[in-house]
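Heads up: the sequence shown is residues 95 to 255, going by my numbering.
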Amino acid sequence: MRKITTEQGKTGEGFDYLESFLLATLAAQNALVALESLGLGTCYIGGIRNHPAEVGELLGLPPEALAVFGMTVGYPDPAVGTEVKARLPQSLVLHREQYQAAPPEADLATYDDTMRPFQTGQGMAVPGWTSVVVSRIADAPALKGRHVLLDVVRRMGFKVK
Numbered sequence: 095m096r097k098i099t100t101e102q103g104k105t106g107e108g109f110d111y112l113e114s115f116l117l118a119t120l121a122a123q124n125a126l127v128a129l130e131s132l133g134l135g136t137c138y139i140g141g142i143r144n145h146p147a148e149v150g151e152l153l154g155l156p157p158e159a160l161a162v163f164g165m166t167v168g169y170p171d172p173a174v175g176t177e178v179k180a181r182l183p184q185s186l187v188l189h190r191e192q193y194q195a196a197p198p199e200a201d202l203a204t205y206d207d208t209m210r211p212f213q214t215g216q217g218m219a220v221p222g223w224t225s226v227v228v229s230r231i232a233d234a235p236a237l238k239g240r241h242v243l244l245d246v247v248r249r250m251g252f253k254v255k
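See below:
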């Protein structure tokens with residue numbers, strides 16, 4: 095896209111904003127919905143952002159190209175049982191007219207209780223949902239490399255504004 099823009103005498107400054115990251119995410123969501131409608135299973139791989147430069151090198155990406163996430167696609171094995179993780183209650187994610195800053199504590203506790211059997215069934219540690227979320231954002235090391243993501247993205251040629 096940058097080449098096409100340059101060939102037409104434009105700067106392509108629009109690439110310097112986060113718009114392209116958002117568009118990639120929306121396109122992936124649409125692809126996921128389409129794939130699942132065809133009976134395929136999918137799973138996002140967010141951990142790909144832990145080492146963006148290394149992933150870019152493995153994929154042979156040019157400057158100003160970044161793997162925002164990965165996605166696995168395949169046909170589920172009908173012989174393997176699966177579970178669908180319970181979603182957060184609407185009271186925690188749905189806001190009407192204005193954002194509600196304080197989530198209902200009782201609903202968080204209930205969701206923790208709902209998640210524990212799922213975590214057990216998946217062979218995971220069973221701290222509940224809130225403990226998992228807190229551990230993932232507790233401090234810079236908890237981000238597993240993502241705390242330097244902006245610096246790495248800029249070194250990869252992005253002029254993020």
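Backbone N, C-alpha and C define an ideal beta-carbon position, used for all residues, glycine too.
Requested in this report: Quickly, what does DSSP pair Y138 with across the bridge? List them, please.
Outcome: Your numbering for residue 138 matches position 44 in the sequence shown. BP columns for Y138 point to M165.
Query raised in the report: Which residue's Cα is closest to the Cα of E148: P172, A161, I231?
Result: For the purposes of this step, residue 148 is identified with residue 54 of the sequence shown, where counting begins at 1. It is A161.
Query - Y205 - containing alpha helix (DSSP H), residue span - result: In the sequence shown, the residue the question calls residue 205 occupies position 111. Residues 199-215.
Query raised in the report: So which of E158, P183, Q213 has the shortest CA-CA distance to V254?
Result: Locating residue 254 in the sequence shown gives position 160, counting from the first residue. Of the candidates E158, P183, Q213, the one whose C-alpha sits nearest the C-alpha of V254 is E158.
Query raised in the report: From V247 to T119, what distance separates their C-alpha atoms?
Result: By one-based count along the sequence shown, residue 247 stands at place 153. By one-based count along the sequence shown, residue 119 stands at place 25. Going by the C-alpha atoms only, they are around 17 Å apart.
**Report entry** Beta-carbon gap between I139 and G164 smaller than 8 Å
**Finding:** If you number the sequence shown from 1, residue 139 lands on position 45. If you number the sequence shown from 1, residue 164 lands on position 70. Yes, these two residues count as a Cβ contact at 8 Å.
Query - Exposed unless 16 or more other CB atoms sit within 10 angstroms - verdict on Y169 - result: Position 75 of the sequence shown holds residue 169. The residue is exposed, with fewer than 16 neighbouring Cβ atoms inside 10 Å.
Query - Residue ranges of each alpha helix (DSSP H) within the region 150-196, 4 or longer - result: 184-187
Query raised in the report: By how many angstroms is the C-alpha of M218 removed from the C-alpha of A122?
Result: Working through the sequence shown from its first residue, we reach residue 122 at position 28. Working through the sequence shown from its first residue, we reach residue 218 at position 124. When rounded, the distance between both Cα atoms is 27 Å.
Query - Simplified DSSP assignment, three categories, for H241 - result: The count along the sequence shown starts at 1 and reaches residue 241 at position 147. Three-state DSSP puts H241 in a helix.
Report task. Starting from the C-beta of V178, find all residues in its chain whose C-beta is less than 7 Å away, skip the five residues before and the five after it, and write them out in chain order. Result -> For the purposes of this step, residue 178 is identified with residue 84 of the sequence shown, where counting begins at 1. The answer is none, since no qualifying residue turns up.
Query raised in the report: Measuring CB to CB, does V174 end up less than 8 Å from T136?
Result: Here the question's residue 174 lines up with position 80 in the sequence shown. Here the question's residue 136 lines up with position 42 in the sequence shown. Contact: no.
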